[in-house]
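Colleague: So the protein sequences, as listed, match chains S and H.
The opening residue of the first sequence carries number 0 in numbering that gives the first Met the number 0; numbering runs sequentially from there.
The opening residue of the second sequence carries number 0 in numbering that gives the first Met the number 0; numbering runs sequentially from there.
Protein chains: 2
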Amino acid sequence: MKLLFEIVCMMKIYKFVELSTLAMAKRHVSLKDLAAELGVSVSTVSRALNKHPDISPQLTEKIQRIASERNYTPNPLAMGLLKAQTKMIGVIVPDIVTHFFASVISGIEAVAKEKGYFIVISSSSESLEKEKESVDNLIKSRVEGIIACISQETNEYSHFQKLVDNELPLVFFDRVCEGMQVPSVTVDGHKAVQSIIQHFKDNGCRRIAYISGPNHLNISKNRKEGYLEGLKDCGFDFQPELLVECNLSAEDATLATHQLLNLKNKPDAIFGINDTIAFSAMKEIKRYGYKIPEDIALVGFTDEFHATVVEPSLTSVTHPTFLMGKEAARLFFHSLEKGPAYSEKVILPTDLIIRSSSVRSGII
Amino acid sequence: MKLLFEIVCMMKIYKFVELSTLAMAKRHVSLKDLAAELGVSVSTVSRALNKHPDISPQLTEKIQRIASERNYTPNPLAMGLLKAQTKMIGVIVPDIVTHFFASVISGIEAVAKEKGYFIVISSSSESLEKEKESVDNLIKSRVEGIIACISQETNEYSHFQKLVDNELPLVFFDRVCEGMQVPSVTVDGHKAVQSIIQHFKDNGCRRIAYISGPNHLNISKNRKEGYLEGLKDCGFDFQPELLVECNLSAEDATLATHQLLNLKNKPDAIFGINDTIAFSAMKEIKRYGYKIPEDIALVGFTDEFHATVVEPSLTSVTHPTFLMGKEAARLFFHSLEKGPAYSEKVILPTDLIIRSSSVRSGII
DNA sequence: ATGCTTACCGCAAAGCTTTGCGGCACATGA
DNA sequence: TCATGTGCCGCAAAGCTTTGCGGTAAGCAT
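1) List the residues that DSSP assigns as beta-bridge partners of H/ALA208.
2) Among H/LEU262, H/ALA66 and H/GLN193, which one has its Cα closest to the Cα of H/CYS233?
3) Taking the alpha-carbon of H/SER211 as reference, which of H/ILE295, H/PHE300 and H/VAL186 has the nearest alpha-carbon?
4) Going by other Cβ atoms of all chains shown within 10 Å of its Cβ, with 16 needed for buried, is H/ASN136 buried or exposed?
5) Which same chain residues end up closer than 7 Å to S/VAL110 when comparing Cβ atoms and leaving out the 5 residues on each side of it in sequence?
6) For the stretch 307 to 336 of chain H, enumerate the residues whose C-beta is nearer than 7 Å to any C-beta of chain S, in chain order.
7) Using only alpha-carbon positions, find the residue among H/GLY38, H/THR43, H/VAL358 and H/ASP32 that is nearest to H/ASP201.
8) May I ask which residues mark the beginning and end of the beta strand (DSSP E) holding H/LYS344?
9) Determine the DSSP secondary structure at S/GLU293, reduced to helix, strand or coil.
10) When you compare only the Cα positions, how much space is there between H/LEU372 and S/ILE138?
11) Can H/VAL186 and H/LEU347 be called in contact, C-beta distance under 8 Å?
12) Indicate whether at least one CB of chain H lies closer than 8 Å to the CB of S/GLU125.
13) Does the CB of S/LYS129 have a neighbour CB from chain H at under 8 Å?
14) Determine, using beta carbons only, whether S/VAL175 and S/VAL345 come nearer to each other than 8 Å.
15) Roughly how many angstroms lie between the CA atoms of H/LYS114 and H/ILE107, to the nearest whole one?
16) Against chain H, does S/ASN74 count as a neighbour if the rule is that its beta carbon must be under 8 Å from one of theirs?
17) Leaving out five residues before and five after S/LEU3 in sequence, what residues of the same chain have Cβ atoms less than 7 Å from its Cβ?
18) If we cut at 8 Å on Cβ distances, does S/ALA77 have a partner in chain H?
19) Are the C-beta atoms of S/PHE199 and some chain H residue less than 8 Å apart?
20) Grab me the residues of S/SER133's own chain with a C-beta within less than 6 Å of its C-beta, minus the 5 sequence neighbours each way, in chain order.
21) Within 10 angstroms of the Cβ of H/PRO239, are there 16 or more other Cβ atoms? Answer buried if so, exposed if not.
22) Nearest CA to the CA of S/GLY203: which residue from S/PHE171, S/ILE284, S/ASP274 and S/ASP294?
23) Using 8 Å for Cβ pairs, my map puts S/HIS305 next to S/GLU283. What's the rounded Cβ distance?
24) Applying the criterion that 16 or more other CB atoms from any shown protein chain within 10 Å of the CB defines a buried residue, is S/GLY338 buried or exposed?
25) S/VAL316 and S/THR349 look like a contact to me (Cβ under 8 Å); what is the Cβ gap, rounded to whole Å?
26) For a minimum of 4 consecutive residues, which ranges assigned as the alpha helix (DSSP H) are wholly contained in the stretch 127 to 210 of chain S?
27) Going by DSSP, name the residue or residues bridged to H/GLY299.
28) Can you pull out the residues from the stretch 140 to 168 of chain H whose beta carbon lies closer than 8 Å to at least one beta carbon of chain S?
29) Name the chain H residues whose beta carbon is nearer than 9 Å to that of S/SER105?
30) Please classify H/THR20: is it buried, with 16 or more other beta-carbons within 10 angstroms of its beta-carbon, or exposed?
31) Is S/GLU108 close to chain H, meaning its C-beta is less than 8 Å from at least one C-beta of that chain?
32) Among the residues of its own chain, which have a CB less than 7 Å from the CB of S/TYR156, if the five just before and after it don't count?
33) Rounding to the nearest angstrom, what Cα-Cα distance links H/ALA340 and H/MET87 in this structure?
34) Use the C-beta contact count for S/SER360: other C-beta atoms within 10 angstroms, 16 or more gives buried, fewer gives exposed.
35) Compare the beta carbon distance of H/PRO213 and H/LEU335 with 8 Å and say whether it is the shorter of the two.
36) Measuring only the C-alpha atoms, how far is S/GLU244 from H/LEU80?
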């Protein structure tokens, strides 16, 4: 009996030491810690915190008070293991420093946060190889699904197909894998470009050039169709030399512009597939000593913040980036609920914001 | 005996059903799945995959082959629970769409990926309240520590102190909580601004204005000191009306510029605490009809990509953003290893990139 | 033929949470 | 007084991985 008493005493001392040192070093309190402190079982604490009717109101109140004092929060790892969900969404973007992608990410994050999810961002650096790595890493991290904008190199979709085969939700935005039956949110580039061509015509332009992106990308194809149809609508013939392709980098855009400006019969209007391209074109046109828009009118796409800062301010198509992110997230959660069959396609409207770079006074 | 045989048969059937349907619906294979398939125990599979010498080479080879065929990857939740580490770093930034922050995040991510960590980004939207929420959410998510740039509203540090008290690594970049003993990486704003003042003087400017940020921020104080000392170095008197404070928003910067341009004795040079401010100032100066740099020279800070696109191109101080992110991550991992006492301060050099907005031909 | 070494492998616990089921104790009715 | 009922609470398992320790078999030596 005496021995037992001593053992109990030692245990108390041990417990004390544990609380004063180990507990300090320990970052988070667990149900077990609370249970030990309160002298009840772990399950009772769990039930009390979840307001289970089996636990008496007084005890429930007491447990909740202590839990809040000790800043208890459930361990998401344990919950994840139990519920088989991590509350993580993987997001793959070509890069993160471009305003467009950063803004879409903001939109995704806003919706995700609302739902108690958080996002893990992975950048593909416009490389197919890195994109595949990203998918693998995200799967390893046990994200519940992926929202992606494919890299400009991506021309085969096996890595994304793997997701679909595993029944993991997958949503594309802006650049999509055509032919895959998954939800996506894009803009109506076709119509947008048609209106650009019309706008050029209204301003007296006749030789309208288009600096496009890689041909396999849906956005390139989409906008190219708009370009061709826009020309037809306006009664212009398509001139092959006025359609140049570039790889979406500033350097390549400079080269493409260079090529256009060196034509025997140079264009009097240039449309860039995005604002980054248009900015590069603007620099190059200036370097050649041509006036914008008098000699060459210029229009971009995406309406980055700085479109208003450049001189002349850049006419551009607004891309509802934040909304695009929110929509992508919405589709993601739908997909999570409704399962693999779900594949809604959302097409967002755009708007042509007319600024100085394309308006020729005295025309019309 | 016959009964026992039947039971075994049923178990086999059950097992078959489990493999064919449940296993299909299941996203990831576990050690248990592999063990069942191979007819060995879970621990043997685990040891084989970790190349433990206790397992025979033949069996090890076989297990590794099957594991790779089945695309087995360890469940990070289980590992996290076991090792008490989540491999997640929380990153808090005022916003994500600004090129500066996006670029720093890229730097952090590069180092984190190398170490097998991934980052969880949380935006404070320049709000103290949201910043506190972010800290709480990240702690709840069991990040192993936080890398942060404080919001412009942040003037008390209790939420960050909580991290330090819990011995969670904390690293600041750019905007820091002064007085806290934690690692940080900043730039030498003091010296940078001094060189700006000198540059203005060299170009014949005499009334140099400074649009500063909120006074409690270290970057504001730091650059203000450089401003005052730079003036002294150049033999200029400090004119209080030439120092205006703004809240780092484009709108407020416009107001601040407006205020400066309405002075009886207007400035002939303006320095903005960052490029966003400088861009706003540029627009406003143009709106007033003044020429840059002839009437008013202009210099920014951070050297965003678009500094070269605006007209005139903007003189600015390069901020080594990507490097800053990498350094912040490096400090983070040091802190993780060395414990709470570690508090290295890194100060990165800057460079004044001179462009058209501040160079007056014919001077000197 | 028996005892001992060696080479392999499995049990179980820990990390944390939820929840079905079983169980204890007290109270009430017969 | 005994039996039934009710209100509370704890045990244990599941989710997945690692690892110390114990155990079994084969092989070799005596």
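All residues carry an ideal CB built from backbone N, CA and C; glycine is no exception.
Modeller: Walking through what the data contain:
1) DSSP lists H/ILE269 as partners of H/ALA208.
2) Ranking the options by Cα distance to H/CYS233, first place goes to H/GLN193.
3) When C-alpha distances from H/SER211 are compared across H/ILE295, H/PHE300 and H/VAL186, the shortest belongs to H/PHE300.
4) The residue in question, H/ASN136, is buried, as its Cβ has 16 or more Cβ neighbours within 10 Å.
5) Excluding residues up to 5 positions away in sequence, LYS325, ALA328 and ARG329 lie with their Cβ nearer than 7 Å to the Cβ of S/VAL110 in the same chain.
6) Considering only beta carbons, the part of the stretch 307 to 336 of chain H lying closer than 7 Å to chain S consists of VAL308, VAL309 and GLU310, in chain order.
7) Residue H/VAL358 is the option with its Cα nearest to H/ASP201.
8) Note, H/LYS344: beta strand (DSSP E), 344 to 347.
9) S/GLU293 falls in the coil class under three-state DSSP.
10) The displayed coordinates of chain H run from 0 to 363. Any statement about residue 372 of chain H would go beyond what the structure contains.
11) Yes, they are a contact pair.
12) Closer than 8 Å: no.
13) Not a single C-beta of chain H is nearer than 8 Å to the C-beta of S/LYS129.
14) The answer is no: Cβ separation not under 8 Å.
15) Taking the straight line from one Cα to the other gives about 11 Å.
16) Judged by the 8 Å Cβ criterion, S/ASN74 is in contact with chain H.
17) Here the model assigns S/LEU3 a pLDDT of 36, short of 50, so the residue's position is not dependable, and the following value carries that caveat. Its chain contains no residue whose beta carbon lies nearer than 7 Å to that of S/LEU3 once the 5 sequence neighbours on both sides are disregarded.
18) Yes, S/ALA77 lies at the interface with chain H (some Cβ there is under 8 Å from its Cβ).
19) False, the Cβ-Cβ gap to chain H never drops below 8 Å.
20) Cβ within range, chain order: ILE91, SER121 and SER123.
21) Under this definition H/PRO239 is an exposed residue.
22) Here the closest residue by C-alpha is S/ASP294.
23) At roughly 17 Å, the Cβ-Cβ gap does not stay under 8 Å, so S/HIS305 and S/GLU283 are not in contact.
24) S/GLY338 is exposed by the Cβ-count criterion.
25) S/VAL316 to S/THR349, Cβ: 5 Å. Contact.
26) Within the stretch 127 to 210 of chain S, the runs of alpha helix (DSSP H) at least 4 residues long that lie entirely inside it are, in chain order, 127 to 139, 157 to 164 and 188 to 201.
27) Answer is H/SER315.
28) The stretch 140 to 168 of chain H vs chain S, Cβ under 8 Å: SER140, ARG141, ASN165, GLU166 and LEU167.
29) Residues of chain H passing the Cβ test: ASP94, ILE95, VAL96 and SER122.
30) Confidence is the limiting factor: at H/THR20 the pLDDT is only 34, short of 50, which leaves the residue's position unreliable, though a coordinate-based value still follows. Of the other Cβ atoms in all chains shown, fewer than 16 fall within 10 Å of the Cβ of H/THR20; this residue is therefore exposed.
31) Closer than 8 Å: yes.
32) Result list for S/TYR156: CYS176 and MET179, in chain order.
33) Their Cα atoms are separated by approximately 21 Å.
34) Here S/SER360 is exposed. Its C-beta has fewer than 16 other C-beta atoms within 10 Å.
35) For H/PRO213 and H/LEU335, no; Cβs fall outside 8 Å.
36) When only Cα atoms are considered, S/GLU244 and H/LEU80 end up about 51 Å apart.
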